């Protein structure tokens, strides 16, 4: 959510001690604790309300099937390379066709060049 690593959290704690001071720090820590508990309770109520509205089908949903991390291109390629080839696949034979030239173009004449076109 906030993407804070350990050092940043430690720095924020030190800054809070310096800015708030030892007198007000316990009061603000208690307020922060109440906020976290209220946020968790609100999230739990929202989850319960969603389950109530969705009905019994909500518990039958396979949420891992909707996980976007399973569509990692590296994993897809690795799995495709590791699997054996299909037995019934027969590549089509290569056909040597002459390259067609546009009408009215003589291959012996060099292609016209316009120096002002670019």
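In full-length UniProt numbering, the protein residues as written are 1 to 118. Note that the Cβ used here is the ideal one computed from N, Cα and C, for glycine as well. Source: prediction; values computed, not measured.
When the beta-carbon positions are compared, residue 28 and residue 15 stay at least 8 Å from each other. Shown here, residue 4 sits in coil according to DSSP, grouped into three states, outside any helix or strand. In this structure, residue 58 sits near residue 51, with a CB-CB distance shorter than 8 Å. DSSP, reduced to helix, strand and coil, places residue 79 within a helical segment of the structure shown. A direct Cα-Cα distance of roughly 31 Å separates residue 70 from residue 41. With respect to residue 17, residue 11 sits apart: the two C-beta atoms are not nearer than 8 Å.
Here the C-alpha atom of residue 77 lies approximately 30 Å from the C-alpha atom of residue 3.
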